Each structure stands twice: as C-alpha cells, then as structure tokens.
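Report on the structure given below.
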Amino acid sequence: MRIPGLGCLKGCLFTLLILFVASWLIWELTPLQDWIGTGRGYWDQIGDWFGKVGGWIEDLGGSDEPSAPSGTN
Numbered sequence: 001m002r003i004p005g006l007g008c009l010k011g012c013l014f015t016l017l018i019l020f021v022a023s024w025l026i027w028e029l030t031p032l033q034d035w036i037g038t039g040r041g042y043w044d045q046i047g048d049w050f051g052k053v054g055g056w057i058e059d060l061g062g063s064d065e066p067s068a069p070s071g072t073n
C-alpha cells in the first residue's frame, strides 16, 4: 500500500536519526566534552541546553501582568 507523502516524512525522520547519531558519536569520540568542561553525559547536556533555550524563549515572552508605573505612591 502506498501512502502519499510518506517518502518525504521517512526521509526527514531518517535525516534526524542520522544527525542525532552523528552528534552522539562526535560527543563521545572527540575531546568536545572536555572542551566544554561540564562533565555531563550527552543526553544530560542536550537536556540542559534545551532547558536553557526554553527558559530564554519564555523570558522573551515577558510577563502577562502589567507593571505598575514607577514613581507613584
């Protein structure tokens, strides 16, 4: 059975898989983790980076509460 569009989806997913495997191999087989100097494993470091980027994006949104004008008593 042929599903239209599956070729593109399969290619994209395979590309993501290759990129993850390649980045893990680079992390493990090169002195990259020593250069960064965190002492974390690959998945711990990736999770930390995603958390930092998520916090940064959240900070860009700002707060939904209006701030009080300064100088009022």
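For the sequence shown, position 54 matches number 54 in my numbering, and the numbering has no gaps at all. Note that the Cβ used here is the ideal one computed from N, Cα and C, for glycine as well. Predicted model, so just to flag it, every value in this text is computed and none were measured.
Close-in-space but distant-in-sequence residues of the same chain around residue i (CB under 8 Å, 5 per side omitted)
{"i": "residue 45", "result": "27, 33, 36 and 38"}
{"i": "residue 14", "result": "none"}
For residue j and residue i, believed in contact at Cβ under 8 Å, the rounded distance
{"i": "residue 56", "j": "residue 42", "result": "So it is not a contact: roughly 21 Å between Cβ atoms."}
Same chain, Cβ closer than 7 Å to residue i, neighbours up to 5 away in sequence not counted
{"i": "residue 74", "result": "Residue numbering for the chain in the displayed model covers 1 to 73; residue 74 lies beyond these limits and cannot be assessed."}
| query | Where are the alpha helix (DSSP H) runs, 4 residues long or more, that stay fully inside the stretch 32–56, in chain order? | reply | 32–36
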